[in-house]
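Structure, as structure tokens:
In the numbering used here, the protein residues as written are 9 to 316.
Following this line, the structure appears as structure tokens:
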């Protein structure tokens, strides 16, 4: 089966990003040393109960190093496999708009001055996007490739409180709409299986998430990470986390309720074994995606097919 047939069951990020550039591009994560407003006391302490940035920060991400050095280290890591690769600077760790606009300009501009960096991706929270910064990003978007990616996590306000997120879903919708209105490619990130949310609740939320004017959606399973507040809750009173088969069933139903034009960037996340308490699937991300694709093909499941 050819690649085009394989991915036609959902709107695949790999195909989408290849349509944006005449060359191969790779994200390089950078850690600019930011905090979050639910960590430093502005709106709360301790951060989200599940969060540990070690789960997705590569070894070359060291906030003590300059943005330039982190990007150069990342380039060396990836260029061994693809010497002609170009790069997107991915401001990923913590909240990457949680600073003064002037300081943010300096950091973003530094990243864009690095050779072979052809754009930036900014991961942030919906309550950390001022009008002043959005006006600046509107102008930056006219000069380079830009994605702004918001942590949504859930459309359930009770769950947002439970996980110490520090904002409402109304805040998510307002900020996403403001960002899209500026012509900026806008992404969202959600977690399926958060405490108190079963498959029925996730499927209830799918049309709500789909109603946001986002361009890109990242989905991943709830993971229990060592030394987080969630780990302590789980160890004291274990709650259900999805098996790989259960999660495949959920994703198969979930994507039926997601708008066809939304690009799905991923379905799962893979945390380092030494940090992960549960679930232990024993699958690489690509192996999970292969299992999911087998089900989608076998049952003729397509993104958006159950949208009325």
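We put the beta carbon where it would ideally sit given N, CA and C, even for glycine.
Determine the closest residue to residue 28 out of 166, 193, 50, 120, with distance taken between C-alpha atoms.
Considering only alpha carbons, the answer is 193.
Assigned secondary structure, residue 177 (DSSP; H/G/I helix, E/B strand, else coil):
Assigned with DSSP and collapsed to three states, residue 177 falls in helix.
Which residues in the same chain as residue 102 place their Cβ atom closer than 7 Å to its Cβ, once the five residues preceding and following it in sequence are excluded?
When the five nearest sequence neighbours on each side are left out, the beta carbons in the same chain lying within less than 7 Å of the beta carbon of residue 102 are those of 42, 43, 44, 61, in order along the chain.
For the stretch 25-39 against the stretch 80-89, are there 3 or more C-beta pairs whose distance is under 8 Å?
Cβ pair count under 8 Å is three or more, so yes.
Proximal residues to residue 159 (C-beta, below 6 Å), its chain only, five neighbours per side dropped:
For residue 159, where only same-chain residues beyond five positions count, the Cβ hits under 6 Å are 133, 197.
Using alpha carbons as the reference points, say which of 260, 289, 293 lies closest to residue 18.
Comparing Cα positions, the closest option is 260.
According to DSSP, is residue 344 part of a helix, a strand, or is it coil?
This structure cannot settle anything about residue 344, because the visible part of the chain is limited to 9 through 316.
Cα separation between residue 262 and residue 187?
In a straight line, the C-alpha of residue 262 is about 25 Å away from that of residue 187.
Does residue 219 come out as helix, strand or coil in the three-state DSSP assignment?
Helix at residue 219.
Using 10 angstroms around the beta-carbon of residue 226, count the other beta-carbons present and answer buried if the total reaches 16, otherwise exposed.
Looking at its Cβ environment, which holds 16 or more other Cβ atoms inside 10 Å, residue 226 is buried.
Looking at C-alpha atoms only, which residue of 40, 251, 271, 175 is the closest neighbour of residue 26?
The candidate whose alpha carbon is nearest that of residue 26 is 271.
Limits of the beta strand (DSSP E) - the one that residue 132 falls within:
Segment 125-132, the beta strand (DSSP E) holding residue 132.
Distance between beta carbons of residue 75 and residue 342, contact taken as under 8 Å
Given a span of 9 to 316 for the chain in the structure shown, any question on residue 342 remains unanswerable.
For residue 316, would you say it is in contact with chain C, using Cβ-to-Cβ distances shorter than 8 Å as the test?
The chain inventory of the structure shown lacks chain C, comprising one protein chain alone.
Nearest by alpha-carbon distance to residue 258: which of 142, 59, 205, 241 is it?
Closest by C-alpha distance to residue 258, out of 142, 59, 205, 241, is 205.
Could you tell me which of 267, 179, 251, 212 sits nearest to residue 222, measuring between CA atoms?
Ranking the options by Cα distance to residue 222, first place goes to 267.
Please state if the CB of residue 86 and the CB of residue 93 are separated by a distance shorter than 8 Å.
Taking 8 Å as the cut-off, the beta carbon of residue 93 is found closer than this to the beta carbon of residue 86.
Residue 105 to residue 316, Cα distance in whole Å?
Near 37 Å, if we compare the C-alpha coordinates of residue 316 and residue 105.
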